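J.:
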Amino acid sequence: MQPPAPASPRSLSPPLSLSLLLLAALQLVTSPVANALLHEQVAFDNSDVCWWSLIPPDLVCPVLRQQNLTDIVNSLAGPPRWTGGDDCVGKYCLYNSTRFAGGRGIAAITTAENIAKIREAGDLLHQYEVSFNDGDENLPFHVAEVEGKGNGVIANHRLARGDPIMAHTPVLLIHQAFKEEPDLDRQHHLLDLALKSLPARTADLFMGQMAHNPEEHPVAARLTTNAFRLDLGGDDGQHYGAFPEVGKTNHDCRPNAAYHVDQSTLMHITTAVRPVKAGEEITITYLDPLAPRADRQERAQSHWGFGCTCPHCSATADEVAESDTRLKELKWIEGQLQDLRNTSDVSVGLITYLLKLYEDERLHCRIANAYILAALNFNVLGYDQRAAKYASLAIDALKIEKGEASPHVEAMEELKRDPKGHSTFKGRRKQGGK
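Last residue of the sequence shown: 434 (the UniProt record's numbering), numbering continuous.
1) According to DSSP, what are the bridge partners of P419?
2) State the DSSP-derived secondary structure class of I400, mapped to helix, strand or coil.
3) What did DSSP end up calling V143 once you bin it into helix, strand or coil?
4) Determine the direct distance from the alpha carbon of A211 to that of P218, and round the result to whole angstroms.
5) For L415 and A391, what's the separation of their Cα atoms in angstroms?
6) Report back the beta-carbon spacing between G84 and N96 to the nearest angstrom; my notes put them in contact at under 8 Å.
7) Starting from the Cα of I282, find the closest Cα among E329, D252, D262, P289 and give me that residue.
8) For R341, count the other beta carbons within 10 Å of its own beta carbon; 16 or more makes it buried, fewer makes it exposed. Which is it?
9) From R386 to I367, what does the alpha carbon distance come to, in whole angstroms?
10) In angstroms, rounded to a whole number, what distance separates the CA positions of L337 and Y371?
11) At which residues does the beta strand (DSSP E) containing A257 begin and terminate?
12) Here's the rule I'm using: 16 or more other beta-carbon atoms within 10 Å means buried, otherwise exposed. How should residue 476 be labelled?
13) Is it true that the segment 150–157 meets the segment 226–239, where meeting means three or more beta-carbon pairs spaced less than 8 Å apart?
14) Measure the C-alpha to C-alpha separation of P214 and F306 and round it to an integer number of angstroms.
15) Under a Cβ-count criterion, where at least 16 other Cβ atoms within 10 Å of its own Cβ denotes burial, should S421 be classed as buried or exposed?
16) Where are the alpha helix (DSSP H) runs, 4 residues long or more, that stay fully inside the segment 152–231, in chain order?
17) Is the beta carbon of T271 less than 7 Å from the beta carbon of P164?
18) Thinking C-beta only, is A258 closer than 7 Å to I400?
19) So, under 8 Å CB-CB, Y353 and I333 are touching, yes? Tell me the CB distance rounded to an integer number of Å.
20) Using DSSP with H/G/I as helix, E/B as strand and the rest coil, what is V89?
21) Measure from the alpha carbon of A267 to the alpha carbon of each residue in A167, N377, V320, G150, then state which is nearest.
22) Which residues does DSSP pair with Q238 in a beta bridge?
23) Need the endpoints of the alpha helix (DSSP H) that E129 sits in, please.
24) For I174, tell me which candidate among Y240, G208, S423, K331 has the shortest Cα-Cα distance.
25) Name the DSSP beta bridge partners of G84, please?
26) As a quick exercise: from P275, A101, I284, pick the residue whose alpha carbon is nearest that of E129.
27) From which residue to which residue does the beta strand (DSSP E) around residue 447 run?
28) By how many angstroms is the C-alpha of R417 removed from the C-alpha of E322?
29) Rounded to a whole number of angstroms, what is the C-alpha to C-alpha distance between N46 and A411?
30) Quick check: the Cα distance between residue 436 and Q127, rounded to an integer number of angstroms?
31) If you reduce the DSSP assignment to three classes, tell me which class T325 lands in.
32) Would you mind working out which of I118, I115, P275 sits nearest R365, comparing C-alpha positions?
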């Protein structure tokens, strides 16, 4: 990882044109079996750093493309074939498919229950005729040297909020509890087998990632530095996922892009959260943007070995203090607004002040929850038009931050359709505001 450093899926509609290729990343989440994941970037070791929790984020990016010869071969061959289940450490066994995602491949160290879910994702990718291409034509970005950062992702043209940027499937999935197995030799042996089971080009892509601890086992070290935590669902679905290309995207505590993982396809999808100029670096956050600066610095230091130097963290002492104060106010107001049965003073002024705090803090990557609270509380106060407006904004933000299949999208759509008929309408007497 750099230190904080699609043709169309086949659906019920006709194939999309090449000009709509990048939109497929977001359209994949329309599957009826999809559920957006809570997603965190974490260490593979026990340090539990660099977490990013959402409330209810290569030189060339693999891109979804339209059917070509590889797709035809995969189609004739049938869904991805899986091998494995014989090499195990405890209840965690190695499974792999070299045909996953049109030949990109995947290896998973997990349980029998979870591999069934991963197979479903592979079948869905095959159904949509999804494959991956190393070509950089039509991409909205390129990778170039960024002063003081090494490589970075640079926008090729102007991007608007909501524009998809890149989409990737994982190449390695490791059950979260696997790292707790006491026999390190057996653990490392299974990791080695997982790497060897990948297609050569995919294995090279994984090993091309940064590893900040050269004394650690090579595969484990790259997972420690680069893995993202994701949930496959159920009581035992927590995994670490390796998305090697994402590491080219550098960190910023106030980024211009956000990401989520679509559970139905396991695709890690990055989307612009504000207008991005041509030539501007595209960034995501690997830290909790709602944490105060000191906490962010501590987590960066413990995980990367150095503190964050993004513009927000490099501000003057007065500016940092003002930012930390806004974050404290923001959290307090959210606490007041989250309990819709609360009879304390909740006014239009308090709601609009929360929204202003988010804007002043440039938290465009995490604003969905603010819009949800605004929509619900405006409706409680009886302002149905404002409730519908912010429900609409919440829907757009949720699709970016959590994916179109988030259950909160459906809840906000219900509120938007009929604010006055919603259970929250005039549920709390107006305490002031206009």
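All C-beta atoms, glycine included, are put in the ideal place defined by N, C-alpha and C.
Fair warning: this is a prediction, and the values are worked out from it, not measured in the lab.
T.: According to the structure data:
1) Indexing the sequence shown from 1 puts residue 419 at position 419. BP columns for P419 are empty, so no partner.
2) Residue mapping note: residue 400 aligns to position 400 of the sequence shown, counting from 1. DSSP places I400 in helix when its eight states are reduced to three.
3) The residue given as residue 143 occupies position 143 in the sequence shown. Strand, per DSSP.
4) Locating residue 218 in the sequence shown gives position 218, where the first residue counts as 1. Locating residue 211 in the sequence shown gives position 211, where the first residue counts as 1. Their backbone Cα atoms lie some 8 Å apart in a straight line.
5) Taking the first residue of the sequence shown as 1, we reach residue 415 at position 415. Taking the first residue of the sequence shown as 1, we reach residue 391 at position 391. Taking the straight line from one Cα to the other gives about 7 Å.
6) Stepping through the sequence shown from its first residue, residue 84 is reached at position 84. Stepping through the sequence shown from its first residue, residue 96 is reached at position 96. Taking C-beta atoms under 8 Å as the contact rule, G84 and N96 qualify, at a distance of about 5 Å.
7) Along the sequence shown, one-based indexing puts residue 282 at 282. The alpha carbon of I282 has as its nearest neighbour, out of E329, D252, D262, P289, the alpha carbon of D252.
8) Numbered from 1 along the sequence shown, position 341 holds the residue referred to as residue 341. Looking at its Cβ environment, which holds fewer than 16 other Cβ atoms inside 10 Å, R341 is exposed.
9) Along the sequence shown, read from residue 1 onward, the residue named residue 386 stands at position 386. Along the sequence shown, read from residue 1 onward, the residue named residue 367 stands at position 367. In this structure, the CA atom of R386 is about 17 Å from the CA atom of I367.
10) On the sequence shown, residue 337 is found 337 positions in, with the first residue counted as 1. On the sequence shown, residue 371 is found 371 positions in, with the first residue counted as 1. Rounded to whole angstroms, L337 and Y371 show a C-alpha spacing of 11 Å.
11) Taking the sequence shown and counting its residues from 1, one reaches residue 257 at position 257. A257 -> beta strand (DSSP E) spans 257–262.
12) Look at the range of the chain in this structure, 1 to 434, and you will see that residue 476 is not part of it.
13) Result no; under three Cβ-Cβ pairs closer than 8 Å.
14) Indexing the sequence shown from 1 puts residue 214 at position 214. Indexing the sequence shown from 1 puts residue 306 at position 306. Computed Cα separation, rounded: 16 Å.
15) Within the sequence shown, the letter at position 421 stands for residue 421. The question names Ser, but residue 421 is Gly in the sequence shown. Answer is exposed; the Cβ neighbour count stays below 16.
16) Those alpha helix (DSSP H) runs which fall completely within the segment 152–231 and span 4+ residues are 184–197, 200–207, 218–226.
17) By 1-based counting over the sequence shown, the position of residue 271 is 271. By 1-based counting over the sequence shown, the position of residue 164 is 164. Yes, they are a contact pair.
18) In the sequence shown, residue 400 corresponds to position 400, counting from 1. In the sequence shown, residue 258 corresponds to position 258, counting from 1. Yes, the Cβ-Cβ distance between I400 and A258 is below 7 Å.
19) Sequence index remark: in the sequence shown, residue 353 carries index 353 (1-based). Sequence index remark: in the sequence shown, residue 333 carries index 333 (1-based). Right, the Cβ-Cβ distance comes to about 7 Å (below 8 Å), so this counts as a contact.
20) Mapped onto the sequence shown, residue 89 falls at position 89. For V89, the three-state secondary structure derived from DSSP is strand.
21) The sequence position of residue 267 within the sequence shown is 267, counting from 1. In the sequence as displayed, the identity of residue 267 is Met instead of Ala. A check of alpha carbon separations from M267 across A167, N377, V320, G150 identifies A167 as the nearest.
22) Counted from its first residue, the sequence shown places residue 238 at position 238. According to DSSP, residue pairing for Q238 in a beta bridge involves D231.
23) Along the sequence shown, read from residue 1 onward, the residue named residue 129 stands at position 129. No alpha helix (DSSP H) holds E129; DSSP gives it neither H nor E.
24) Locating residue 174 in the sequence shown gives position 174, where the first residue counts as 1. For the residues Y240, G208, S423, K331, the minimum Cα distance to I174 belongs to Y240.
25) Position 84 of the sequence shown, counted from the first residue, corresponds to residue 84. Bridge partners of G84: Y95.
26) Here residue 129 corresponds to residue number 129 of the sequence shown, with the count starting at 1. Proximity to E129 across P275, A101, I284 peaks at A101, based on C-alpha coordinates.
27) Nothing about residue 447 can be read from this structure; the chain reaches only from 1 to 434.
28) Mapped onto the sequence shown, residue 322 falls at position 322. Mapped onto the sequence shown, residue 417 falls at position 417. Between E322 and R417, the C-alpha separation is close to 39 Å.
29) Counted from its first residue, the sequence shown places residue 46 at position 46. Counted from its first residue, the sequence shown places residue 411 at position 411. Its pLDDT being 37, under 50, N46 is placed unreliably in this model, and the coordinates cannot settle the point.
30) The chain is shown from 1 up to 434; residue 436 falls before or after that span and cannot be answered.
31) What you label residue 325 is simply residue 325 of the sequence shown in a count that begins at 1. Helix, per DSSP.
32) As a first step, residue 365 is located in the sequence shown; it is residue number 365 there, counting from the start. The question names Arg, but residue 365 in the sequence shown is Cys. Looking at the Cα atoms, P275 is the closest of the given residues.
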